[in-house]
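Enquirer:
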Amino acid sequence: MKSPHKMMFFTILLSSTLIVISSPSWMAMWIGLEINLLSFIPLMKEKNNSLSSESIIKYFIVQALASTILMFSLLNPFLNQKLIISIPLFIKLGLMPFHFWYPMIMEGISWMNCLILLTWQKISPMIILSYLDLNLITTTLVMITNLMSSMLSMNFSSLRKVMTFSSLNNLSWMIPLMFISKPMWMIYLTVYSIVSSSIIILLKSMNISFMNQLFYLKLKFKWNIMMMVSFLSLAGLPPFLGFIPKWISIQEMISSNLFILTTSYLISTLILIFSYSRLMISSLLLINNEKSWNKCYFYNYTKFSMLNLFMIIPWTILLT
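Residue numbers for the sequence shown, in numbering that gives the first Met the number 0: 0 to 319.
This is the structure in structure tokens:
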């Protein structure tokens, strides 16, 4: 993001989310969402990526449709506003069954734009959703999203799609937590953003986009270990950093008597951990056994030393 115009749009993108957070009315929030959309689209455009234009069109159509429904629900007082307002927010977040656009767009954009879409772009719709109630429809959708995203993450060779369904899985954890406790939701979002950032920076630095590249690239043992730690942390396996927010979420949901939802989430987490463990163990067993077919570009090892904290920080918190 070296060009001045992209820096300008990135600044507007950050500001648009702050507009939504600080807005006193629904209409001001809608304006913030539109500014967010129009500032993210220029960031998606890339000269050397032929798929970026297609992804931009798809993203604009989906987001414009959701914004139209949201505006219609705000202007029509005779409808069940809370239900109608929820639908466009579910579309913007990519919750199932409105998730079909999400993996397609992720495949056509760069890793850095993927990171923005997985993290920052979730904040504004979730803030608006938090002003509504945790009703039966929302609970059902997040439960379906949680279970299906864990299962679907096992069926794709594209790491962008794996990160997409991992994002949906973590999103389904954050939404109930957001209604229960805003501070705990902020902790979860922060930890998820840190873990996702470390994985995406790692994948970008090694120029990896598909599962089979993990098997056939001649990666050093430390890179395989760092990759394994990052994915298992994302899945929420103790004692890694990603376990802490899920542990907090389980405590909060149990205290709110959401026992069925908690049980469902625990089952999906086991599926996700199994999926990532199978992938990472296979990668470690096949290390250096095949000829490399893709050139890797590594950052300095010290730039990834933060990943070592994934094993240290959780135990420090638990012991104190």
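By construction, the Cβ of each residue, glycine as well, lies at the ideal position given by its N, Cα and C atoms. Just so we're clear, the structure is a prediction, and the values are computed from it rather than from any experiment.
#1: Spatial neighbours of Lys326 within its chain, please: CB distance less than 7 Å, with the 5 preceding and 5 following residues excluded, ordered by chain position.
#2: Going straight from the alpha carbon of Leu133 to that of Asn145, what length do you get?
#3: Quick one: grab the DSSP three-state call for Ser129.
#4: Examine the ligand FMN and report whether any of its heavy atoms sits within less than 7 Å of the Cβ of Gly93.
#5: Between Gly93, Leu167, Thr118 and Ser24, which has its C-alpha nearest Met70's C-alpha?
#6: Which of the three DSSP states, helix, strand or coil, is assigned to Ser54?
#7: Would DSSP call Ser156 helix, strand or coil?
#8: Figure out for me which residue from Met173, Met205 and Ser54 has the closest Cα to the Cα of Ile126.
#9: What would DSSP say about Phe209, mapped onto helix, strand or coil?
#10: Could you tell me whether the segment 28-43 touches the segment 134-142, where touching means 3 or more Cβ pairs closer than 8 Å?
#11: Let me check understanding here. Comparing Cα to Cα, which of Met210, Lys181, Ser2 and Ser14 lies closest to Val161?
#12: Determine the direct distance from the alpha carbon of Pro87 to that of Leu64, and round the result to whole angstroms.
Expert: In short, the structure shows the following:
#1: Beyond the ends of the chain as shown, which are 0 and 319, falls residue 326; an answer cannot be given.
#2: If you number the sequence shown from 1, residue 133 lands on position 134. If you number the sequence shown from 1, residue 145 lands on position 146. So the alpha carbons of these two residues sit roughly 16 Å apart.
#3: Here residue 129 refers to the residue found at position 130 when the sequence shown is read from its first residue. Coil.
#4: The ligand FMN is absent from the structure shown, which contains no ligand whatsoever.
#5: As a working mapping, residue 70 is identified with position 71 in the sequence shown. Nearest option by C-alpha distance: Ser24.
#6: For this step, residue 54 is matched to residue 55 along the sequence shown. Helix at Ser54.
#7: Working through the sequence shown from its first residue, we reach residue 156 at position 157. Coil, per DSSP.
#8: Within the sequence shown, the letter at position 127 stands for residue 126. Proximity to Ile126 across Met173, Met205 and Ser54 peaks at Met173, based on C-alpha coordinates.
#9: Residue numbering aside, residue 209 sits at position 210 when the sequence shown is read from its first letter. Strand.
#10: The segment 28-43 and the segment 134-142 do not touch, with fewer than 3 CB-CB distances between them shorter than 8 Å.
#11: Against the sequence shown, residue 161 aligns to sequence position 162. Measuring from the Cα of Val161, the nearest candidate turns out to be Met210.
#12: The count along the sequence shown starts at 1 and reaches residue 64 at position 65. The count along the sequence shown starts at 1 and reaches residue 87 at position 88. Approximately 8 Å between the Cα atoms of the pair.
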